[in-house]
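Engineer: To convert, count from 1 in the sequence shown and add 108; that's this note's numbering.
Quick reminder that beta carbons are idealized off the backbone N, C-alpha and C, glycines included.
In this text the structure is predicted, and so the values were computed from the model without any measurement.
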Amino acid sequence: MAEYEHHEQPFAPVFDENSKVLILGTFPSVKSRANNFYYGHPQNRFWKVLAALCGELVPQTVEEKKSLVLRHQIAIWDVIESCDIIGSSDSSIKNVVPADIAGLLCKTQIERIYVNGTLAKTLYDRFALPATGIDAVKLPSTSPANARFRLEQLIESWRTIL
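#1: Which residues in the same chain have their Cβ closer than 8 Å to the Cβ of residue 117, if we skip the five residues on either side of it in sequence?
#2: Give the DSSP bridge partners of residue 220, in chain order.
#3: Write down every uninterrupted run of the alpha helix (DSSP H) in the stretch 166-213 whose length is 4 residues or greater and which is fully enclosed by it, in chain order.
#4: Could you tell me the boundaries of the beta strand (DSSP E) in which residue 122 lies?
#5: Assuming residue 269 contacts residue 222 (C-beta within less than 8 Å), just tell me the rounded distance between them.
#6: Who are the Cβ neighbours of residue 175 in its own chain at under 8 Å, not counting the five residues just before and after it?
#7: Can the beta-carbon of residue 225 be found closer than 9 Å to that of residue 249?
#8: Using the DSSP secondary-structure output, state which residues sit across from residue 114 in a beta bridge.
#9: Kindly indicate which residue of 196, 202, 153, 192 has the alpha-carbon position closest to the one of residue 252.
#10: Could you give the C-beta distance for residue 229 and residue 202, rounded to a whole number, given that I count them as a contact under 8 Å?
#11: Can you tell me which of the three DSSP states residue 262 falls into?
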């Protein structure tokens, strides 16, 4: 049986002073950590959804992904700074240390916050909402575990970020 491991957030938030929209995930998966960037699992549909919404090709490299979000005034980060987790299982997450989302907001023009999935919403509401005062809109997860949503449905649901 897999054991709990403690992990620190391996990625800095992607943002600049022009960012107006923040998209928050929960915590990077094992595949994302191995691929050194957010939503690095090849079956995660995050980058396909964003590319479709922005009218661009799906970015392949970390630099292309950063460039895509920044060109469209989007910031990305996770709700969790560190936690104990078994593999990539969001349901196993415990001992959460939240990310300083309010601190990030002070450095940007972010007006709207979206969360990628139910757990990200729950954790945002618990840890960040009291400090930010900005309600986050829950979007359906782009994770491969969310087989209920086809890519076209995700794109339609995520259209609200525009």
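Structural biologist: Straight from the coordinates:
#1: 135, 136, 186, 188, 189, 190, 207
#2: 129
#3: 170-179, 209-213
#4: Careful: residue 122 lies outside any beta strand (DSSP E) and carries neither H nor E.
#5: 6 Å
#6: 167
#7: yes
#8: 192
#9: 153
#10: Actually they do not touch by this definition, with Cβ atoms about 18 Å apart.
#11: helix
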